[in-house]
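The block underneath contains the structure these notes are about, expressed in structure tokens.
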Amino acid sequence: MMRRLACFIVALIGLPFTSIGFAGPLPEYAMKAAFVYNFTLFTQWPTLPNNTLRICTLESDTLKHELEKFKDNQPHGATLLISRISNLDKIKECQALYLSEEDKKRLPVILALLENAPVLTITDVPELIGKGVMIGIKTESKRIVFEVDTQAAKKSNLYLSSKLLSLAKSVY
Amino acid sequence: MPTPPNSTNKRLLALVLAFLFSSNTYAEPTDTSNLDLTQASLEQLLAQEISTASKIARQISDAPSAVSIVTAEDIKTYGYRTLAEILSSMRGLNITNDRAYDFLGGRGYSSPGDYSGRIMLLIDGIQMNDNVYNQSYLGNDGIVDTELIERVEYVSGPGSVTYGNNAFFGIINVITKNGANFDGTELALSSGSYHTRKARLTYGKRLENNIDLLISASGLNSEGQSFYFPAFNDGDPAHQNGRVRNQDAQHNQRLFAKIQGSNWLLSTGYSHRSKEVPTAPYGADFNRQYFYGDTSKFISGQYHTNLSEHLKLSLQTDYSDYFYQGKAYYSGTEWLENSTGRKWGTEAKFVGNWFTHHQLVFGIAYRDDYERKIKTPEVSSDRERQSTSMYLQDEITLRNNLWLNLGARYDYFTDDGDSVSPRVALIYEPAPSYTLRLSHSVAHRTPTAFEKYYTDGSTQSPNHNLKIERVAATELVIERRWSNQSRVLATIYEQSTDNMISSTPYDNIQYFNAKNTHTNGIEFELEHHAQYDVHLRTSYAYQNSRDAEGEWAANSPHHLAKFNLSAPLFHHLFRAGLEVQAVSHRTSALNTKASGYALTNFTVSAQQILPNLDAALTVRNLFDKHYEHIAPDYTTPISVIAQDGRNLWLQLTYGFK
């Protein structure tokens with residue numbers, strides 16, 4: 170009996186792994202990219218240099234890949250650029266900056282380098298929310314919610330629309 | 002419920018088949034939206050459900066060393082029932098079981114029967130090693146059910162700079178689940194080979210006022226197995242040709258409760274296990290009752306607050322105790338022994354961010370081991386002791402991708418003197434997703450009350466002159482992660498000990514400070530979450546541990562390989578987890594050899610097999626491989642102990658929502 174059970178289980182492993190793509194819930198990173206893009210629609214920058222709006226990621230390839238699907242959109246009538254920045258000295262050239270898990274250790278340095286430059290900072294790292302990053306994305310009950318730090322945005326001369334604040338889970 | 006094992010197996014098979022063909026109970030998620038994300042409004046996005054990408058877990062432990070993680074999902078997928086089974090699957094760790102306790106080996110060190118105090122066990126930040134033997138309880142004697150564990154992190158390498166005494170070769174950091182993870186009442190019933198039954202009832206909830214509550218109770222009964230020990234097949238009629246029956250039973254009860262708010266936590270736990278021991282240790286009468294009872298309790302409070310914008314404070318106070326009872330027969334005369342350990346401790350830890358390029362961590366700790374009592378017919382000893390510690394660490398950002406971590410801890414013990422444990426580490430990210438960590442760290446361990454004071458008047462004598470042992474290790478860790486889906490880790494280390502506490506052979510045991518030992522090794526680990534939810538976790542470790550005479554360390558395998566693969570089956574109805582653990586041959590201190598082995602385990606689990614019902618079936622030792630562990634010296638004449646053959650474990654979990 171044990172031998173037969175063992176054979177049975179081995180046969181199970183041998184079965185091809187099957188998967189059915191279903192379109193109900195949408196993939197996390199595609200959704201996060203859509204949120205990041207939408208945040209830029211509700212943000213007013215003092216100026217948009219050369220009429221471009223640059224969204225930057227530092228380490229995260231996953232999000233950059235998803236953001237590129239928005240390249241044909243024109244937020245505020247500007248050309249949308251998606252960049253991955255490896256040299257931190259260039260982060261001031263971004264209008265929006267997405268901070269991922271890999272950037273955790275660098276946060277104090279990043280915030281110091283930004284020196285209240287008008288760069289909208291966004292993160293999905295729970296530990297970074299409330300530490301000077303302007304918008305924090307969280308997952309709650311299979312849905313994405315976000316928190317906004319208006320103080321940090323104000324210091325950087327960014328104007329966040331009241332609609333954005335009204336949709337936020339919490340505002341401080 | 003004594004049923005012949007075969008009929009149990011038959012019933013299990015019938016159950017598995019029933020599960021497989023009842024696929025109509027599974028509802029395929031329906032296509033609810035064709036949302037074009039590039040045009041979606043924020044309101045639409047907020048209403049949209051997401052499917053969370055399966056990510057490789059990231060370490061919580063803040064350490065510049067190599068960290069391996071087992072998550073709650075792994076525990077379910079591979080059907081782990083004890084902490085020992087979890088740790089067995091991790092990089093470079095191996096477990097030795099002597100049918101009484103599970104002993105943990107790692108970083109070249111693996112002396113069987115020597116309690117696992119050289120790797121520190123923390124549960125939610127509370128030190129769990131008892132203060133008589135420094136044992137960390139990893140089997141059914143462990144304090145927490147594996148189903149309550151959110152994750153286990155193994156931080157390899159000396160960790161005294163943060164944790165002080167006992168964090169000698171590494172730290173095991175267990176983080177328990179929150180009430181919100183359960184969100185209701187859960188009842189789990191399990192049944193397995195050797196007439197083992199377990200029941201657990203857990204209630205967990207996040208209340209309206211954001212207070213999170215978790216309460217759990219469980220009990221396990223196992224009749225155990227019959228054994229044949231050739232060493233006792235010696236013609237002595239009392240030894241019954243080396244066969245032992247009804248000498249392997251174990252029973253345990255556990256309670257665990259945790260209540261927490263946003264910045265505080267109260268937790269408490271209780272565990273009692275009684276175990277019949279079939280191996281007649283310390284020359285006890287073979288085939289007579291031999292019994293160990295281990296009871297552990299703890300209660301702990303933690304509080305976190307921001308003292309200012311740049312200064313955080315964490316306070317922790319805990320009390321724990323441990324009670325051991327042993328019963329044996331020598332030439333027909335009953336022998337009773339017991340020991341009691343009680344302690345309380347408190348710690349204040351600060352994190353300061355005053356300077357952009359410095360993260361400072363500093364703190365002070367006090368611990369009072371006010372009872373460390375050993376009582377045998379030959380000795381009655383109670384040695385209290387206190388310790389005071391302080392530590393300071395600074396993580397300095399040198400460049401955008403270069404950090405220097407400096408730290409030191411000072412511990413003072415009223416009985417064993419003092420010790421300084423420094424660490425220096427350099428962390429470098431040469432390119433995105435690559436991390437290099439080079440560290441040198443020093444750790445210490447004080448002799449245990451057992452090593453210093455225990456005697457049974459015949460086989461073991463005390464040594465009041467035992468001194469603190471030390472270890473220094475240098476390690477280079479290279480890690481690459483990409484896209485949250487893959488991680489590769491390689492580490493190379495060398496470590497040497499000073500005054501290592503060792504024992505003379507049975508039956509004239511005395512602990513003494515040995516000369517230097519030296520270990521070097523390399524370890525690799527690969528984790529990958531592939532398409533279709535296929536998860537791979539595999540590791541290999543080579544270790545070479547030598548004592549001052551150049552002799553190979555007892556019970557220390559040169560090669561350890563682990564392989565864990567899991568994948569969904571039948572449209573995600575099931576999840577299958579295949580596990581292989583390979584351990585190369587080992588030699589005991591008395592030069593007995595145990596050959597290498599590869600152990601295969603297989604688990605198939607299903608969520609919502611019926612509404613609110615989860616099921617899992619685990620077959621351990623799938624190919625019924627005969628393999629042996631090196632026995633502790635004190636079980637002489639038994640030198641190797643055969644381990645479990647193929648065994649089954651079925652668990653049904655029902656959630657009352």
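Those protein sequences? They're chains A and B, same order as listed. Counting the first sequence from 1 gives a position; this note's numbering is that position plus 169. Counting the second sequence from 1 gives a position; this note's numbering is that position plus 1. The beta carbon of each residue, even a glycine, is placed where N, CA and C say it ideally should be.
- Message: According to DSSP, simplified to helix, strand and coil, what is B/SER161?
- Response: helix
- For A/VAL205, the first and last residue of its enclosing beta strand (DSSP E): Here A/VAL205 belongs to no beta strand (DSSP E); instead the alpha helix (DSSP H) covers 197 to 210.
- Task: Taking C-beta pairs closer than 7 Å, name the residues in chain A that B/GLU476 reaches, listed in chain order.
- Result: None at all; the shortest Cβ gap to chain A is about 19 Å.
- Message: Could you check whether the Cβ of B/MET43 sits closer than 8 Å to any Cβ belonging to chain A?
- Response: For the sequence presented, residue 43 of chain B should be read as Leu rather than Met. Cβ-Cβ to chain A under 8 Å: yes for B/LEU43.
- DSSP on A/ASP272, reduced to helix/strand/coil? helix
- So, does the CB of A/MET200 fall closer than 8 Å to a CB anywhere in chain D? Included in the structure are the protein chains A and B, with no chain D among them.
- Message: Considering only their Cβ atoms, is the gap separating B/ASN466 from B/GLN511 smaller than 8 Å?
- Response: no
- Compute the Euclidean distance between the alpha carbons of A/SER310 and B/ILE639, then round it to the nearest angstrom. 55 Å
- Query: CA-CA distance, B/ASP235 and B/ALA555?
  - Reply: 27 Å
- Quick one: does B/GLU310 have its CB under 8 Å from some CB of chain A? no
- Do B/ASP534 and B/PRO569 have their C-beta atoms within less than 8 Å of each other? yes
- Item | Any beta strand (DSSP E) of 3 or more consecutive residues that is wholly inside the stretch 278 to 313 of chain A | 289 to 292, 304 to 309
- Task: Quick one: list the residues of chain B neighbouring A/ASP293, beta-carbon separation under 8 Å, in chain order.
- Result: What A/ASP293 touches in chain B: nothing, since even the nearest Cβ is about 11 Å away.
- Whole-angstrom distance between B/PHE292 and A/LEU127, CA atom to CA atom: No statement about residue 127 of chain A is possible, as the shown extent of chain A runs from 170 to 341 and does not include it.
- Message: Let me confirm a value: B/ILE365 is counted as buried when at least 16 other C-beta atoms fall within 10 Å, else exposed. Which label applies?
- Response: exposed
- Query: Given that B/ILE51 touches chain A, what residues does it touch there, using C-beta distances under 8 Å?
  - Reply: PRO194, LEU195, PRO196, GLU197, MET200, THR308, LYS311, ARG312, ILE313
- Query: Using a Cβ cut-off of 7 Å, which residues of the stretch 424 to 439 of chain B contact any Cβ in chain A, in chain order?
  - Reply: PRO433, SER434
- Who are the neighbours of A/VAL278 on chain B, taking C-beta pairs under 8 Å? THR357, HIS358, THR398, ASN401
- Task: For B/LYS199, verify whether its CB is less than 7 Å away from any heavy atom of the ligand NAP.
- Result: With respect to the ligand NAP, the structure shown offers nothing to examine, as it has no ligands at all.
- Message: Please report whether the beta-carbon of B/ASN485 lies at a distance below 8 Å from any beta-carbon of chain A.
- Response: yes
- Item | Members of the stretch 233 to 262 of chain A near chain B, C-beta cut-off 7 Å | LYS238, PHE239, ASN242, SER255, LEU257
- Do B/ASP319 and B/TRP345 have their CB atoms nearer than 8 Å? yes
- C-beta neighbour in chain B for A/ASP318, strict 8 Å: no
- Assuming B/VAL620 and B/SER66 make a contact with CB atoms under 8 Å, what is their CB distance in whole Å? Going by Cβ atoms, the distance from B/VAL620 to B/SER66 rounds to 35 Å, so no, they are not a contact pair.
- Query: Along the chain, which unbroken stretches of the beta strand (DSSP E) at least 3 residues long are found entirely within the stretch 69 to 157 of chain B?
  - Reply: 94 to 98, 103 to 107, 120 to 124, 150 to 157
- Message: Suppose you measure from the CA of A/GLN320 to the CA of A/THR248; what does that come to, to the nearest Å?
- Response: 28 Å
- B/ALA542 - containing beta strand (DSSP E), residue span: 536 to 547
- Task: Identify the continuous alpha helix (DSSP H) that holds B/GLY225 and give its terminal residues.
- Result: Element bounds for B/GLY225: n/a, residue is neither H nor E.
- First through last residue of the beta strand (DSSP E) which encompasses B/ASN466: Note, B/ASN466: premise wrong, no beta strand (DSSP E); not H, not E.
- Query: chain A beta carbons: is any one of them nearer than 8 Å to that of B/ASN622?
  - Reply: no
- Message: Considering Cα atoms alone, identify which of B/ASP249, B/VAL352, B/ASN179 is closest to B/SER268.
- Response: B/ASN179
- Message: What does the alpha-carbon distance come out to for the pair B/HIS273 and B/GLY327?
- Response: 14 Å
- Can you name the residues that DSSP bridges to B/LYS298? B/TYR271, B/ASP322
- Kindly give me the distance between the Cβ atoms of B/ILE120 and B/PHE183, rounded to whole angstroms, as I take these residues to be in contact under 8 Å. Not really, about 29 Å apart at Cβ, beyond 8 Å.
- Query: How would you list, in chain order, the residues of chain A whose beta-carbon sits under 7 Å from the beta-carbon of B/ALA54?
  - Reply: PRO196, GLU197, TYR198
- Task: Check the Cβ-Cβ distances between B/THR78 and every residue of chain A, and say whether any is below 8 Å.
- Result: no
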